[in-house]
């Protein structure tokens, strides 16, 4: 039976697009770890409407709050871990690949420059602003997760079943690669069990 899939990678790499595509392809539920965290920000009085909350001034302010209070991240991760083991789901998460054992874990790799270009189109902002946001989010998240869990986000990729370099590829091409990787992994699981 197909188990849950986790899509991880640096900010603005295309995790959501790929996760939604995989969820449709394999008949799984889609869940964003960022959306669960965004719900917590909303509870703290932040205006979180819109897909680009994390790239706004308010999103950056909440990121700074998280640095001083790891409870936000711990609560989100506990919630995601429970969902991961009880449901068949595709989850986007920065941390989950390092916190659970099973499932299929895919890291979407790519340069910050390409991510920034992607963000300029998605969020209609300048390249310099986008690059600054991508760089800050990556470095801040890396620091938070190192302090919280001890792993090196973006450097230690040993927990991943598959790594896809997205540079030079369109979303459709990345999705096709991800589908192939999941089918390959799923086939290997079936072979081992029979």
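Numbering (my numbering), first residue to last: 2 to 195.
Yeah, the Cβ is synthetic: ideal placement off N, Cα and C, and Gly gets one too.
The structure presented is a predicted model; accordingly, all values stated were derived computationally and were not measured.
Excluding sequence positions up to five away, which residues of its chain have a Cβ less than 6 angstroms from the Cβ of residue i?
i: residue 31; result: 20, 21, 24, 91
i: residue 4; result: 103, 104
i: residue 73; result: 41, 67
i: residue 119; result: 13
Would you report the Cα separation of residue i and residue j, rounded to the nearest angstrom?
i: residue 46; j: residue 63; result: 10 angstroms
i: residue 115; j: residue 168; result: 7 angstroms
i: residue 197; j: residue 34; result: Past the edges of the chain, shown from 2 to 195, lies residue 197, and the structure says nothing about it.
i: residue 106; j: residue 152; result: 16 angstroms
i: residue 60; j: residue 113; result: 19 angstroms
Between the Cα of residue i and the Cα atoms of the options, which residue gives the shortest distance?
i: residue 210; options: 50, 77, 145, 83; result: The structure shown does not extend to residue 210, since the chain is modelled only from 2 through 195, so no value can be given for it.
i: residue 7; options: 77, 94, 49; result: 94
i: residue 131; options: 29, 57, 158, 106; result: 57
i: residue 182; options: 84, 59, 38, 108; result: 108
i: residue 27; options: 180, 186, 188, 185; result: 180
i: residue 123; options: 54, 9, 38, 36; result: 54
i: residue 176; options: 11, 18, 10, 133; result: 18
i: residue 161; options: 101, 188, 136, 37; result: 101
i: residue 128; options: 136, 117, 86; result: 117
Just verifying my parser: in three-state terms, what is the DSSP assignment at residue i?
i: residue 162; result: coil
i: residue 91; result: strand
i: residue 100; result: helix
i: residue 221; result: Past the edges of the chain, shown from 2 to 195, lies residue 221, and the structure says nothing about it.
i: residue 33; result: strand
i: residue 5; result: coil
How would you call residue i, buried or exposed, if buried means at least 16 neighbouring beta carbons within 10 angstroms?
i: residue 192; result: A caution first: residue 192 carries a pLDDT of 38, below 50, which makes its placement in the model unreliable, though a value can still be read off. Its Cβ having fewer than 16 others within 10 Å, residue 192 is exposed.
i: residue 139; result: buried
i: residue 111; result: buried
i: residue 142; result: buried
Give me, in chain order, the residues of the same chain whose beta-carbon lies closer than 8 angstroms to that of residue i; leave out the 5 immediate sequence neighbours on both sides.
i: residue 170; result: 178
i: residue 195; result: At residue 195 the pLDDT is 32, less than 50, meaning the model places this residue with poor confidence; the figure from the coordinates comes in the next sentence. Around residue 195: no qualifying Cβ.
Among the residues of its own chain, which have a CB less than 7 angstroms from the CB of residue i, if the five just before and after it don't count?
i: residue 158; result: 108, 164
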